[in-house]
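Each number in our numbering corresponds to the 1-based position in the sequence shown with 594 added.
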Amino acid sequence: MKNILRKYMNRKINGNNVYIGTDARILGDVTIEDNVMIGANAVVTKSITESGITVAGILARKISDVGSELYI
């Protein structure tokens, strides 16, 4: 678990209940809102300013209006 957390220690994840999928990458100085799900292998390069959504893909983009509030 420590290795997983170490990968995100220098990132700003301001939101509560943020789910980060396996091998997702958060690059640069980004802010993530509440109840956001980031899919496995996603690459986040921009801030996620909308809460309660799911993003996925290489160069992550919104794929759903359902966020992490039901899962965490």
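Using N, Cα and C, we set each Cβ at its ideal position, and we do this for glycine too.
Could you check whether L621 and V638 sit closer than 8 angstroms to each other, using their CB atoms as the reference points? yes
Short check: CB of G615 to CB of A634, under 8 angstroms? yes
Within the continuous beta strand (DSSP E) that includes K640, where are the two ends? No beta strand (DSSP E) holds K640; DSSP gives it neither H nor E.
In its own chain, which residues sit with a C-beta less than 6 angstroms from the C-beta of G646, not counting the 5 before and 5 after it? N629, G661
Compute the distance between the beta-carbons of I632 and G609, then report whether it is under 8 angstroms. no
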